[in-house]
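Enquirer: Residue numbers (the working numbering): 64 to 677.
Here a beta-carbon is modelled for each residue, glycine too, at the ideal position from N, C-alpha and C.
Below you can see the structure in the form of structure tokens.
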């Protein structure tokens, strides 16, 4: 996160020297010098080399077929703000009182999940609290749990849920870590994190017994449950942001010209190491980040590199083990390749996802990935800071990526936005995964110093028009998206079918403000199919399972993974848009840790299908 700032000279021990950006700049200078030397040698060789008589070969030029690139226009769709009408009265509390402490502008997250097992998607919203020594926060400043009646109307049941606990919350992860059939909740925070076990309609705080509180001075951001070693239970990865304290933040005294005290970037805060908790299978976890190869240190200083804000477990190389992408803010991103047995190898630079298309580290926030074409190509989207395009890394083999944000139609129109939550979903049910990102700046008065920037920014929707067009993604005109285009201070974002009509609705959180629940009122006439997987040998929610669906000649692939976007969780039920097809001819399920593929045929459209692992 970089902004124009003026500030007093910091103390030397507050500065973080030798981060990856500096090293990268030095390497670039060395590379230029080396290239110049090699060019001079080449010139001398061609000038001084002896003449040779060679037989001339009459080669005909290779003529490539011309491909007519055409523009595509996105279908009209309307998202309607139903927050108040649905019964959600939550207001995010960040404890801001003018000190401009960095965590105040970074939260909070949300999660859709069926906590009471009644078949519909309930909603959890994460809240902050007052800072120590400040006036007490209002009684409502706790995370809030809303029960869904199945029609998209919600009732606040926080008081009886066991989740009315005051912490400075940031994000949330949901997973059935004890495989009892009930989803459990992990809340990340500034200082200690919390784990709540679902005991049937309410939650118990089991943080201490499980051993997942983390450090008392750590700032954790996003988190996610996934089975890293395919032993049938869910492990837990927790992103930690920067080494932060109120004392350091105040002493650094970041300022914006003409505004005064401001929220500062992470560049002068040291990096951190993540937490990685291996599930022991008895309700406890063992922190194993170092042993698992997840600690990354600066090659010059030996200090931690990571300034992590989001994660995505995803089997990028399709070997049956879930790999892990971590979005870092102002330093290189990580791609941890899962070598099996709970061991990872960081390969972001080699894979091409560490930096953007210009070779620069970005202010990376939210992340998601999907098979966005009708082939094996993976698209990995990352929301970045203002004046940085969103990154869109593309790979055909799941091992080597290139940033194709410009070519795929996402780059230029995303550059002006400061993007946080980001995810793929098929909003019009045509069988192709579209891309959504929510935006919003850090500074209320940013427009005074940067006229092109605004505190509240509209979210963006990119329609996937498929191959054969000028770009794969087309920005949907704000005039046709209804309330989705409302300017917000967007942070977390998630999706679910809240009303049982088959299409996906969205929720956007705002820091210090109300969330935005957007009901999808699309009327494209496309068919759909929803899928709930239940694991028997793997984890109960089948997190990590990959499903390939064939319908009407199209092949659509998805992975069950609630942890995505920024600080948030989407539903574990998979929604497949079928277009005009009335059924799925074939469904191929690759369960976590299972080498054989389960095949299901002839599934009817317009229904939720429950499939158990055989």
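Determine, using beta carbons only, whether residue 284 and residue 233 come nearer to each other than 7 Å.
Expert: Yes, the Cβ-Cβ distance between residue 284 and residue 233 is below 7 Å.
Enquirer: Would you call residue 600 buried or exposed, if buried means 16 or more other Cβ atoms sit within 10 Å of its Cβ?
Expert: It counts as exposed.
Enquirer: Is the beta carbon of residue 404 sitting closer than 7 Å to the one on residue 560?
Expert: Not in contact: residue 404 and residue 560 (Cβ atoms no closer than 7 Å).
Enquirer: Could you give the first and the last residue of the continuous alpha helix (DSSP H) run that contains residue 679?
Expert: This structure does not reach residue 679, given that the chain is present from 64 up to 677, and the question cannot be answered.
Enquirer: Which first and last residues belong to the beta strand (DSSP E) in which residue 389 is found?
Expert: Note, residue 389: beta strand (DSSP E), 386 to 391.
Enquirer: Quick one, which of 249, 332, 358 and 304 has its alpha-carbon nearest residue 316's?
Expert: With distances taken between Cα atoms, residue 316 lies closest to 332.
Enquirer: What does the alpha-carbon distance come out to for the pair residue 164 and residue 592?
Expert: Looking at the two C-alpha atoms, the distance is approximately 45 Å.
Enquirer: Which first and last residues belong to the alpha helix (DSSP H) in which residue 413 is found?
Expert: Run containing residue 413: 411 to 414, per the alpha helix (DSSP H) assignment.
Enquirer: Taking the alpha-carbon positions, what's the residue 281 to residue 170 distance?
Expert: Roughly 15 Å separates the two Cα atoms.
Enquirer: Whole angstroms is fine: what's the gap from residue 649's alpha carbon to residue 564's?
Expert: Each residue's alpha carbon lies about 23 Å from the other.
Enquirer: For the segment 175 to 188 against the segment 230 to 249, do three or more pairs of beta-carbon atoms, one drawn from each stretch, fall closer than 8 Å, so that the two count as touching?
Expert: Touching, yes, given that three or more Cβ pairs across the two stretches are closer than 8 Å.
Enquirer: So does the segment 416 to 432 actually touch the segment 374 to 385, counting three or more Cβ pairs closer than 8 Å?
Expert: As far as the Cβ criterion goes, the segment 416 to 432 touches the segment 374 to 385, which means the pair count is three or higher.
Enquirer: Count the CB pairs spanning the segment 451 to 459 and the segment 542 to 558 that are closer than 8 Å, and state whether there are at least three.
Expert: With a cut-off of 8 Å, the segment 542 to 558 and the segment 451 to 459 do not count as touching, because too few Cβ pairs lie within range.
Enquirer: Would you please state the rounded distance, in angstroms, between the beta carbons of residue 145 and residue 567? I believe it to be under 8 Å.
Expert: About 14 Å; that fails the 8 Å criterion.
Enquirer: To the nearest whole angstrom, what separates the beta carbons of residue 394 and residue 446, a pair I think is in contact under 8 Å?
Expert: That belief does not hold up - the Cβ atoms of residue 394 and residue 446 are roughly 16 Å apart, past 8 Å.
Enquirer: Run the CB neighbour count on residue 667, radius 10 Å, all protein chains shown included, and call it buried at 16 or more, exposed below.
Expert: Exposed: under 16 other Cβ atoms inside 10 Å.
Enquirer: At the level of alpha carbons, what is the spacing between residue 468 and residue 476?
Expert: Straight-line Cα distance between these residues: approximately 10 Å.
Enquirer: For residue 574, which residues of its own chain have a beta-carbon under 8 Å away from its beta-carbon, when the five flanking residues on both sides are left out?
Expert: Around residue 574: 155, 157, 167, 168, 169, 170, 171, 503, 552 and 554.
Enquirer: Alpha carbons only, please: which of 628, 309, 624 and 620 is nearest the one belonging to residue 571?
Expert: It is 628 whose Cα lies nearest to the Cα of residue 571.
Enquirer: Would you call the segment 606 to 623 and the segment 635 to 652 touching, i.e. three or more CB-CB distances under 8 Å?
Expert: Short answer: they touch.
Enquirer: Could you check which residue in 537, 495 and 401 has the C-alpha nearest to that of residue 621?
Expert: Closest by alpha carbon: 495.
Enquirer: Which one of 250, 424 and 675 has the shortest CA to CA distance from residue 661?
Expert: Considering only alpha carbons, the answer is 675.
Enquirer: Contact defined as beta carbons within less than 8 Å: I believe residue 245 pairs with residue 261. What is the distance between those atoms, to the nearest angstrom?
Expert: That belief holds up - the Cβ atoms of residue 245 and residue 261 are roughly 4 Å apart, short of 8 Å.
Enquirer: Is the number of C-beta pairs between the segment 187 to 196 and the segment 204 to 214 that are closer than 8 Å three or more?
Expert: Enough Cβ pairs lie closer than 8 Å, so yes.
Enquirer: Inspect the beta-carbon positions of residue 379 and residue 357 and report whether they are closer than 7 Å.
Expert: In this structure, residue 357 does not lie closer than 7 Å to residue 379 by Cβ.
Enquirer: Taking C-beta to C-beta, are residue 142 and residue 544 nearer than 7 Å?
Expert: Their beta carbons are under 7 Å apart, which means residue 142 touches residue 544 by this criterion.
Enquirer: At which residues does the beta strand (DSSP E) containing residue 195 begin and terminate?
Expert: Premise fails: residue 195 is in no beta strand (DSSP E) and is neither H nor E.
Enquirer: May I ask you to list the residues that DSSP assigns as paired with residue 319?
Expert: DSSP lists 323 as partners of residue 319.
Enquirer: Can you round the beta-carbon distance between residue 623 and residue 673 to whole angstroms, since I take them to be within the 8 Å contact cut?
Expert: So it is not a contact: roughly 13 Å between Cβ atoms.
Enquirer: When burial is assigned at 16 or more other CB atoms within 10 Å of the CB, is residue 361 buried or exposed?
Expert: Label assigned to residue 361: buried.
Enquirer: Report the partner residues of residue 360 according to the DSSP bridge assignment.
Expert: Its beta-bridge partners are 367.
Enquirer: Which runs of the beta strand (DSSP E) at least 3 residues long sit entirely within the segment 127 to 205? Give them in chain order.
Expert: Counting only runs of 3 or more, we get 142 to 144, 173 to 176 and 185 to 188.
Enquirer: Using DSSP with H/G/I as helix, E/B as strand and the rest coil, what is residue 548?
Expert: If DSSP states are grouped into helix, strand and coil, residue 548 belongs with the helices.
Enquirer: Would you list, in sequence order, the uninterrupted beta strand (DSSP E) runs of no fewer than 3 residues that lie entirely inside the segment 580 to 615?
Expert: Counting whole runs of 3 or more residues, the segment 580 to 615 contains the beta strand (DSSP E) stretches 590 to 597 and 609 to 614.
Enquirer: What number of angstroms, rounded off, separates the C-alpha of residue 399 from the C-alpha of residue 388?
Expert: Rounded to the nearest angstrom, the two C-alpha atoms are 6 Å apart.
Enquirer: Between which two residues does the alpha helix (DSSP H) holding residue 476 run?
Expert: It spans 474 to 477 - the alpha helix (DSSP H) in which residue 476 sits, taken as one unbroken run.
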